[in-house]
Every structure is written in C-alpha cells, then in structure tokens.
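In the numbering used here, the protein residues as written are 21 to 206.
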C-alpha cells in the first residue's frame, strides 16, 4: 500500500478508470453470458435475476471472495454499483483504506479479507466510511448471520432500495410506515 498523493481524487484513480472502461465496454458480453442482454436493464427485476444467478452459482461468502476477479463477479460488482449510480446520482470511487489512509492495490491479493481494495460507490461528497462496496453486497447475499450472529435473509433489491436512504428513520411510525410522504422518491 502507499499513501495517497496530496489532492488524491478517489474518482480518478487510474486503475478504477481502466476497470470502469473495461466493464462498460464488456457489459453486453457479460449480460449475454450471464443470462440475457435484455434482462439486465437496471430494473428491480434485473436485480432479482442477478441475485438468482449468484445464489445458483455460489453457496458461501468465501466463494465470492475467492472468485472476485472472475468475469462474472467483476460484471456483477459493476452492475450493482451502476444501478446505484444511476438511481441515486452516486459516483464510482476507489477509496484509501479507512484505518491507514493508504491506497491499497486495486483488486489486490485475494487472501486479504479485511482489506477494502475494490471499487465502491457513494455520493460525490461522501466522507470516509460512507461508501457502498458492491462486492460486499454480493457476499452479504450469501451470509446466514449478521455480525452479531442474528440470522439474516437479505434480498438484493431490498439492499439497493434500503441502504443509505435519504429518509430519516424518525419519520416512520411504529408500523414502519412513512408519515412524511412529501420527501419520498418514486
């Protein structure tokens, strides 16, 4: 790892830009190989289809980590991040390590489980720790327990629609229904 140069712009990391270009130009091929080009239209139905493909191909989070450099996982990471960018106005970034402030190698060693060396997305003005890592989203689909050992059953659409919402949780009544619907986005 190396410390970022002064004025580091996480949206302009050369490896990130090359990866984005590769993913964008290879999207049709990836979509065709994954199922059907017309299926992957950035809709909720396409997220359900992607989730089904992930669950059919993998059973454990470690498998996602071990195969994170494969074309399917790379395309899935890009697709999830691109859905968020399109829906929320977010941007792609390659952030320095939160703890050390150093920039890790882009998609470095596969056996670095705690290292966030993959691209992320977030609001252009997002601060440290306020980013979404699509690779972790794929892993979470296969997780059976959360960090506290509680059982979970995550759905990709629910994660994309639910995390980092701009809505204040205090605006919900006890039944979970939103009482301030003027701020809702369709």
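Don't be surprised by glycine CBs; every beta carbon is placed ideally from N, CA and C.
According to DSSP, is residue i helix, strand or coil?
i	result
residue 171	strand
residue 184	Caution is warranted here: a pLDDT of 47 is assigned to residue 184, below 50, making its placement in the model unreliable, and the coordinate value is therefore given only provisionally. Coil at residue 184, not helix or strand.
residue 165	strand
residue 66	helix
residue 79	coil
residue 129	coil
residue 96	helix
Looking only at C-alpha atoms, which of the options sits nearest to residue i?
i	options	result
residue 181	144, 67 and 149	67
residue 70	82, 89, 86 and 52	52
residue 43	73, 90 and 77	90
residue 138	170, 26, 175 and 40	40
residue 178	171, 129, 160 and 147	160
residue 73	119, 32 and 92	92
residue 19	124, 144 and 143	Nothing can be reported for residue 19, as the shown portion of the chain is limited to 21 through 206.
residue 46	169, 95 and 170	95
residue 37	121, 149, 48 and 98	98
residue 31	49, 146 and 171	146
residue 26	122, 165 and 172	122
In the DSSP output, what is residue i paired with across the bridge?
i	result
residue 140	113
residue 152	141
For residue i, I'd like the list of residues in its chain whose CB is within less than 7 Å of its CB, leaving aside the five on either flank, ordered along the chain.
i	result
residue 140	113, 115, 151, 152 and 153
residue 63	none
residue 104	110, 141, 152 and 180
residue 78	84 and 162
residue 80	162
residue 165	171 and 172
Spatial neighbours of residue i within its chain, please: C-beta separation below 6 Å, excluding the five flanking residues on both sides.
i	result
residue 156	none
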